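Student: Dropping the structure in here first, questions after.
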Amino acid sequence: MCTVCGCESAQPPADPAHHHDHGHPALHTRVLQLEQDILAGNNHVAQHVREHLAQHHTLALNLVSSPGSGKTTLLVETIRRLSPQRPVAVIEGDQQTSLDAERIRATGAPAIQINTGKGCHLDARMVHDALHDLPDLPNGVLLIENVGNLVCPASFDLGEAHKVLVFSITEGEDKPLKYPDMFQAADLVLLSKCDLLPYLAFDLDKAMACIHQVNPKAQVFQLSATKGMGMNDWLNWIERECAAT
Ligand SMILES: Nc1nc2c(ncn2[C@@H]2O[C@H](COP(=O)(O)OP(=O)(O)O)[C@@H](O)[C@H]2O)c(=O)[nH]1
Ligand SMILES: [Mg+2]
Numbered sequence: 119m120c121t122v123c124g125c126e127s128a129q130p131p132a133d134p135a136h137h138h139d140h141g142h143p144a145l146h147t148r149v150l151q152l153e154q155d156i157l158a159g160n161n162h163v164a165q166h167v168r169e170h171l172a173q174h175h176t177l178a179l180n181l182v183s184s185p186g187s188g189k190t191t192l193l194v195e196t197i198r199r200l201s202p203q204r205p206v207a208v209i210e211g212d213q214q215t216s217l218d219a220e221r222i223r224a225t226g227a228p229a230i231q232i233n234t235g236k237g238c239h240l241d242a243r244m245v246h247d248a249l250h251d252l253p254d255l256p257n258g259v260l261l262i263e264n265v266g267n268l269v270c271p272a273s274f275d276l277g278e279a280h281k282v283l284v285f286s287i288t289e290g291e292d293k294p295l296k297y298p299d300m301f302q303a304a305d306l307v308l309l310s311k312c313d314l315l316p317y318l319a320f321d322l323d324k325a326m327a328c329i330h331q332v333n334p335k336a337q338v339f340q341l342s343a344t345k346g347m348g349m350n351d352w353l354n355w356i357e358r359e360c361a362a363t
C-alpha cells in the first residue's frame with residue numbers, strides 16, 4: 119500500500135486470483151478506515167477551496183498525467199494565449215525542484231511551486247495554502263499541475279472544476295485500460311504530442327476506444343503544444359467553462 123496517501127492500492131484486489139496477503143484482517147480494516155478518514159478530510163478542504171474559487175468566478179483545472187506527457191509545455195502555451203485577457207495563475211506540484219514554476223513565471227504569470235517530497239500527489243490543503251500566496255483571479259483561470267502520476271491524484275479532489283488528463287501518444291494506447299481510475303476521473307483528455315503521430319506506431323482509433331471504454335463521457339482533443347495544433351479546441355473549451363463558472 120501507499121503509506122504516504124493511503125491510496126486505493128490498500129483496497130483488496132477485485133480479482134481474487136491476484137489476491138495478496140496483506141496480513142491480519144483487523145489491520146486491514148484499520149488501514150481502510152485511515153484511508154477513508156484521509157479522503158474525507160481532503161474532501162472537506164476541497165469543498166472550502168471550491169467555494170472560495172466560485173466567489174471569485176475562477177475556473178480551476180487540475181492537470182493530471184504521467185511524468186513527461188507535456189503538462190508544463192501545454193501550460194506555457196496556454197498562458198501565452200489566455201493572458202492578458204484572462205488573469206491566470208499556476209500551482210505546480212513536483213516531488214522536487216522549482217523548475218516548472220520557473221518555466222511558468224517566465225511567461226509573466228504567477229506560479230507557486232509545491233514540493234511533495236516523498237508524496238505522490240497534491241492534496242486540497244496544499245492548494246488551499248498556495249491560494250493565500252496567489253492573487254485573486256476574478257473571471258480567471260487557476261491551472262494546477264499535479265504530480266506526474268496516473269494513480270494517487272485520481273483520488274484527491276483539489277476543489278477543481280475538472281480534472282484534465284494529458285495523455286501523450288508516446289505512452290501507448292493501452293494506458294486508459296491500465297489506469298482506469300484516472301481516466302474515469304477526468305472530464306477532458308488531451309491527447310498530446312500529436313505532431314509525433316507520423317513517427318510512432320500509435321493507433322489513434324485504438325486509443326480513442328480505450329479511453330471511451332473506461333470513460334464513455336470523456337471529451338478528447340488531439341493537440342500538439344509545440345506545433346500549436348488543436349490549441350484552439352482547448353482554448354475554446356476553457357472559454358466555455360469560464361462562461362459557465
Ligand atoms: N514533440 C512534442 N514534444 C513535446 C510536446 N509537449 C511537450 N513535449 C516535450 O516533452 C517533454 C516533457 O514535457 P513537459 O512539458 O516537461 O512535461 P510534464 O512533465 O508533463 O510537465 C519535453 O521534452 C517537451 O519538450 C509536444 O506537443 N510535442
Ligand atoms: Mg511539468
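To convert, count from 1 in the sequence shown and add 118; that's our numbering. Every residue gets a Cβ at the ideal spot worked out from N, C-alpha and C, and that includes glycine. If you're wondering where the values come from, they're calculated on a predicted model, not measured in any experiment.
Buried or exposed: E220, going by 16 or more other Cβ atoms within 10 Å of its Cβ?
Tutor: exposed
Student: Which same chain residues, not among the five before or five after L353, have their C-beta less than 6 Å away from its C-beta?
Tutor: R199
Student: Return yes when the Cβ of V284 is within less than 7 Å of the Cβ of G188, no when it is not.
Tutor: yes
Student: Roughly how many angstroms lie between the CA atoms of V167 and D212, to the nearest whole one?
Tutor: 21 Å
Student: Can you find a heavy atom of ligand 1 that lies under 6 Å from the Cβ of D313?
Tutor: yes
Student: Just verifying my parser: in three-state terms, what is the DSSP assignment at L353?
Tutor: helix
Student: Could you check what DSSP says for L308 in three-state terms: helix, strand or coil?
Tutor: strand
Student: What does a CB cutoff of less than 6 Å around V282 pick up in its chain, not counting 5 residues either side in sequence?
Tutor: L179, L181 and L306
Student: CB A303 to CB A272, shorter than 7 Å?
Tutor: Result yes, Cβ atoms of A303 and A272 sit closer than 7 Å.
Student: Across the region 159 to 178 and the region 246 to 262, are there enough close Cβ pairs to call them in contact, namely three or more that are closer than 8 Å?
Tutor: yes
Student: Assign D343 to one of two classes, buried (16 or more other C-beta atoms within 10 Å of its C-beta) or exposed (fewer than that).
Tutor: The sequence given here places Ala at residue 343; Asp does not occur at that position. Classification for A343: buried.
Student: Does the Cβ of D368 lie closer than 6 Å to at least one heavy atom of ligand 2?
Tutor: Given a span of 119 to 363 for the chain in the structure shown, any question on residue 368 remains unanswerable.
Student: What ranges does the beta strand (DSSP E) occupy inside the region 141 to 182, keeping only unbroken runs of at least 3 residues that lie completely in it?
Tutor: Considered as a whole, the region 141 to 182 harbours 177 to 182 as its complete beta strand (DSSP E) runs of no fewer than 3 residues, in chain order.
Student: Helix, strand or coil for L283? Go by DSSP, reduced to three states.
Tutor: Note: L283 maps to strand in three-state DSSP.
Student: Measuring only from the beta carbon, is N281 closer than 6 Å to any heavy atom that is part of ligand 2?
Tutor: It is worth fixing the name first, because residue 281 is Lys in this sequence and not Asn. Every heavy atom of ligand 2 is 6 Å or more from the Cβ of K281, so no.
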